[in-house]
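Below is one structure, written out as structure tokens, with a few remarks after it.
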Amino acid sequence: MSWRGLTSMAAIHDGKDDGEMHLLTTRVSDGGFSLYFKNKLLLDHRPREGAPCMMIGHGDGSINTRKKHAGFNKPKEKRLKLEVLEAFEIKESTSEHACILFEGKLEVDCKVIDGRLVMEMAVVAPGDYNRFEFHLPAARDEKIYGMGEQFNYLNMRGKRVPLLTSEPGFGRNLWSLVGFLAQVLRRACGKWYYNYFPCPSFVSTSNYFMHVDSYAYSIFDFRRDDKHVVHVWEVPERIIFDVQESAPGVIGSLSEYLGRQPELPEWAISGMWLGIGGGLGDEFHSVNRKLERALDAGVKVTGIWSQDWCGLYVPSKHETRVKWDWIWDEERYPALTDFIEDLRKRGIRFLGYNNSFLYDQGELYKEAKEHGYLIKNKDGQAYDMEVGGIAKFSVGYLDLTNPDCWTWTKKWIKENMIGIGLGGWMCDFGEYLPSDSVLHSGEDPNIVHNEYPVLWAKVNAEACREMGKLGKEAGDDAIVFFNRSGDIGTSKHAPLVWAGDQFCNFSKDQGLPTVIIGGLALGFCGIGHYHSDIGGLWAPPTITRTKEVWMRWTELACFTPVMRSHEGHEYEKGVGAPMQGKNWKFDSDEETLAHLSKFSKIHEHLVPYVLHALDEYQQHGLPLIRHPYIHYEQDPILHEERCRYQYLYGRDLLVSAVIE
Numbered sequence: 002m003s004w005r006g007l008t009s010m011a012a013i014h015d016g017k018d019d020g021e022m023h024l025l026t027t028r029v030s031d032g033g034f035s036l037y038f039k040n041k042l043l044l045d046h047r048p049r050e051g052a053p054c055m056m057i058g059h060g061d062g063s064i065n066t067r068k069k070h071a072g073f074n075k076p077k078e079k080r081l082k083l084e085v086l087e088a089f090e091i092k093e094s095t096s097e098h099a100c101i102l103f104e105g106k107l108e109v110d111c112k113v114i115d116g117r118l119v120m121e122m123a124v125v126a127p128g129d130y131n132r133f134e135f136h137l138p139a140a141r142d143e144k145i146y147g148m149g150e151q152f153n154y155l156n157m158r159g160k161r162v163p164l165l166t167s168e169p170g171f172g173r174n175l176w177s178l179v180g181f182l183a184q185v186l187r188r189a190c191g192k193w194y195y196n197y198f199p200c201p202s203f204v205s206t207s208n209y210f211m212h213v214d215s216y217a218y219s220i221f222d223f224r225r226d227d228k229h230v231v232h233v234w235e236v237p238e239r240i241i242f243d244v245q246e247s248a249p250g251v252i253g254s255l256s257e258y259l260g261r262q263p264e265l266p267e268w269a270i271s272g273m274w275l276g277i278g279g280g281l282g283d284e285f286h287s288v289n290r291k292l293e294r295a296l297d298a299g300v301k302v303t304g305i306w307s308q309d310w311c312g313l314y315v316p317s318k319h320e321t322r323v324k325w326d327w328i329w330d331e332e333r334y335p336a337l338t339d340f341i342e343d344l345r346k347r348g349i350r351f352l353g354y355n356n357s358f359l360y361d362q363g364e365l366y367k368e369a370k371e372h373g374y375l376i377k378n379k380d381g382q383a384y385d386m387e388v389g390g391i392a393k394f395s396v397g398y399l400d401l402t403n404p405d406c407w408t409w410t411k412k413w414i415k416e417n418m419i420g421i422g423l424g425g426w427m428c429d430f431g432e433y434l435p436s437d438s439v440l441h442s443g444e445d446p447n448i449v450h451n452e453y454p455v456l457w458a459k460v461n462a463e464a465c466r467e468m469g470k471l472g473k474e475a476g477d478d479a480i481v482f483f484n485r486s487g488d489i490g491t492s493k494h495a496p497l498v499w500a501g502d503q504f505c506n507f508s509k510d511q512g513l514p515t516v517i518i519g520g521l522a523l524g525f526c527g528i529g530h531y532h533s534d535i536g537g538l539w540a541p542p543t544i545t546r547t548k549e550v551w552m553r554w555t556e557l558a559c560f561t562p563v564m565r566s567h568e569g570h571e572y573e574k575g576v577g578a579p580m581q582g583k584n585w586k587f588d589s590d591e592e593t594l595a596h597l598s599k600f601s602k603i604h605e606h607l608v609p610y611v612l613h614a615l616d617e618y619q620q621h622g623l624p625l626i627r628h629p630y631i632h633y634e635q636d637p638i639l640h641e642e643r644c645r646y647q648y649l650y651g652r653d654l655l656v657s658a659v660i661e
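Residue numbering for the sequence shown is 2 to 661, as defined by the working numbering.
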């Protein structure tokens, strides 16, 4: 084995630290080398000691969809062979550029771009290399935050974190009654790391970040004292680092790289969005009657969110579902456009719902299938998927790798949603791309799986932007759609993110407390606008949404950018999804209405403060929901587990919600 150094010795040092800040420094010693960026050790290659910094190899793995619940995906590695990269050649080394060739197989080109270190990876030898492992030097006492939307743990130190967009499961704790029953009946109890919005980025309290630019399934292992191990199911194109002097500097740099969310219009933050359905009419349960009850009680309402705007589908007498055919249901919502116009005059927007599925009895499904706009199975037919509760129904899945499907999707969003005056919508799902599907682009669905939520947000954003309805430029006409799923790049497209589907209780596995951790974690990954469903969504037989849960969640939601309620799956007269308990709602009694009125007005009074915090996010990348250590870095108590359910809302408000 030969150990080859650099012929030109620029920026190569002998291992002695002269105390000065060097942008990029390479040090060769004892058959290995070290690479520092801004005096932070990033590559520590010591093959003679059995400590290489990188490996590449080949794996034969699959991401198996659990048939009883299509939103769960279980990665499985059948065969794996990794090659330790020992021999190296430093082909170039300056203060802003270093190029290292490992074993004549992997070239790592390190460049300083916009003040960050970009490591570009290129396999330069024959071979089917589709696995990559990176060993990053670690400090024993550093804390690790980020990794996308994590619901149960905030500090990832000591954890092994797989990253794959997925439904989070029911219960997320096999030792709970709900989790046990979900696993026995449907194999649907998720694990703590199952989440909608993974992101291969983390921020260290040592004031650096690491980001892996890849949508492939990956595992970040933070269990060792001396190093972090990152394993990726492809050789990533690049890995990005930055080192700053402070936590705000690190978070701002990562946020700038990932992209910041389109600006929220003032109407979105000035009052609450009332989540109600039931159609238009004179019935007690109709949208217009519910709205009047809220307004009469003094609730400050700036939005109505009605997910049943496109009608309902009844697969069985025990179950009612939103009809996933994204066309206004004129029978359920007669004169909706007039209603929307009247609401607008009163300072209220009407928001709807869409997702990336198409109900197979709907008009859009028929058109999509005819033109080949749906993902396909191995036989070249539309890959229909069964979803739902007790009574399954069949849906197709948009193939967003097909340019014609992309254009067509924007068309129906513009005509069917923006065209009738919707002020926004829940932009749901995105986690379901099957590993055995065939895509128009020919890409590997195992790679596109994590990218699909980003594509889903992007196509919605493009439709809005092309209509002049997105971000600051749109002013008061800006549309706000909100996503639960995501990955790298979602922050560039989605104006708002919500926490997804929680239980209607105080469970630390999947109830109210989890949305606090989720918002804090995503705040480290470029997401500044985050909120949750007031009251939660799921109420299986062992759980009932109580008055206490509703009122405490209302208090928490007041101190998030958007304050929005959810009726659950009870679309009208208590009929909804199976296993849906009796939900306490905003108008269940006078005290609840008064409570909502009080906190909606507090939310309104906070507008000047929130506008300042929103501007701070756009300028500096600091999220509205912040870990307190960002501004109090010298206080070690803030990293303790007992403090993980409190946050700074902007710079000056400390929020410590009632979570039990």
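All C-beta atoms in this analysis are idealised placements derived from N, C-alpha and C, irrespective of residue type, glycine included.
Inset, instruction - Reducing DSSP to helix, strand and coil, say where Pro-624 ends up. - result: The answer is coil: DSSP assigns Pro-624 none of H, G, I, E or B.
Inset, instruction - Give the DSSP-derived three-state secondary structure of Lys-228 in the structure shown. - result: In the structure shown, Lys-228 adopts extended strand secondary structure according to DSSP, grouped into three states.
Inset, instruction - Consult DSSP for Gly-170 and reduce its assignment to one of helix, strand or coil. - result: Coil at Gly-170, not helix or strand.
Legend entry - Closer than 7 Å: Asn-131 CB and nearest the ligand PLP heavy atom: The ligand PLP is absent from the structure shown, which contains no ligands of any kind.
Inset, instruction - May I ask you to report which of helix, strand or coil DSSP gives Phe-560? - result: Assigned with DSSP and collapsed to three states, Phe-560 falls in coil, not helix or strand.
Inset, instruction - Could you check what DSSP says for Lys-160 in three-state terms: helix, strand or coil? - result: In the three-state DSSP reduction, Lys-160 falls in the coil class, being neither helix nor strand.
Inset, instruction - Let me know the secondary structure DSSP gives Asp-297 once reduced to three states. - result: The three-state reading of DSSP puts Asp-297 in helix, counting H, G and I together.
Inset, instruction - State the start and end residues of the unbroken beta strand (DSSP E) segment that holds Ala-464. - result: Note, Ala-464: premise wrong, no beta strand (DSSP E); alpha helix (DSSP H) at 446-467.
Inset, instruction - Would you grab the beta carbon distance between Leu-375 and Leu-401 for me? Rounded to a whole angstrom, and I think it's under 8 Å. - result: The Cβ separation is near 11 Å, so there is no contact.
Inset, instruction - Check whether the Cβ atoms of Thr-561 and Ile-626 sit closer than 8 Å, and answer yes or no. - result: Yes, the pair counts as a contact, with Cβ atoms nearer than the cut-off.
Inset, instruction - Would you grab the beta carbon distance between Met-273 and His-604 for me? Rounded to a whole angstrom, and I think it's under 8 Å. - result: 6 Å between Cβ atoms; contact.
Inset, instruction - Could you name the residues of the same chain whose beta carbon sits closer than 7 Å to that of Leu-296, not counting the 5 residues immediately before and after it, in chain order? - result: Result list for Leu-296: Val-302, in chain order.
Inset, instruction - Report the residue ranges of all alpha helix (DSSP H) runs contained in full by the stretch 285-365; include only those spanning at least 4 residues, in chain order. - result: For the stretch 285-365, whole alpha helix (DSSP H) runs of length 4 or above, ordered along the chain, are 288-297 and 337-346.
Legend entry - Gly-527 versus Lys-393, Ala-464 and Ser-202, residue with shortest Cα-Cα distance: Comparing Cα-Cα distances from Gly-527 to each of Lys-393, Ala-464 and Ser-202, the minimum goes to Ser-202.
Inset, instruction - Over the uninterrupted alpha helix (DSSP H) stretch that includes Ser-601, give me the two end residues. - result: In the DSSP assignment, Ser-601 falls within the alpha helix (DSSP H) that extends over 591-606.
Inset, instruction - From the DSSP output, in three-state form, read off His-372 for me. - result: Secondary structure at His-372: helix, using DSSP grouped into helix, strand and coil.
Inset, instruction - Let me know the secondary structure DSSP gives Ser-35 once reduced to three states. - result: DSSP places Ser-35 in the strand class (E or B) of the three-state scheme.
Legend entry - Contacts around Ser-601, its chain only, beta-carbon distance under 6 Å, and the 5 residues preceding and following it disregarded: Gly-272, Met-273, Val-300 and Lys-301.
Legend entry - Reference Glu-549, options Arg-188, Val-563 and Cys-505, closest by Cα: When only C-alpha atoms are compared, the closest one is Cys-505.
Inset, instruction - Name the residue from Phe-525, Arg-553 and Cys-111 whose alpha carbon lies nearest to the alpha carbon of Lys-144. - result: It is Phe-525.
Legend entry - Burial state of Glu-168 (16 or more Cβ within 10 Å): That one is buried.
Inset, instruction - Might you give, ordered along the chain, the residues of its own chain that have their beta carbon closer than 7 Å to the beta carbon of Ile-349, omitting 5 neighbours on each side? - result: In its chain, beyond the 5 residues on either side, Val-302, Thr-303, Gly-304 and Ile-305 have a beta carbon closer than 7 Å to the beta carbon of Ile-349.
Inset, instruction - Taking Glu-452 as the reference, give the member of Ser-486, Pro-496, Leu-155 and His-596 with the closest Cα. - result: If we check each option's Cα against that of Glu-452, Ser-486 comes out closest.
Inset, instruction - Tell me whether Ile-421 sits in a helix, a strand or coil according to DSSP, three-state version. - result: Assignment of Ile-421 by DSSP, reduced to helix, strand and coil, places it in the coil class.
Legend entry - Per DSSP, cross-strand counterpart(s) of Glu-78: In the DSSP output, where bridge partners are listed per residue, Glu-78 has Gly-62.
Inset, instruction - Enumerate in chain order the residues of its own chain whose CB-to-CB distance from Trp-329 is below 7 Å, with the five nearest sequence positions on each side excluded. - result: The residues are Trp-310, Cys-311, Leu-337, Asn-417 and Ile-421.
Legend entry - Pair within 8 Å by beta-carbon distance, Arg-173 and Cys-190: Yes, these two residues count as a Cβ contact at 8 Å.
Legend entry - Same chain only: Cβ atoms within 6 Å of Arg-322, ignoring 5 sequence neighbours per side: Closer than 6 Å at the Cβ level, and outside the excluded window around Arg-322, lie Tyr-314.
Inset, instruction - Could you have a look at Glu-134 and say whether DSSP puts it in helix, strand or coil? - result: Here Glu-134 sits in strand by DSSP.
Legend entry - DSSP three-state assignment for Cys-406, whether helix, strand or coil: It is helical.
Inset, instruction - Check each candidate in Arg-643, Pro-637 and Tyr-633 and name the one with the smallest Cα separation from Leu-649. - result: Closest in C-alpha terms to Leu-649, from the list Arg-643, Pro-637 and Tyr-633, comes Tyr-633.
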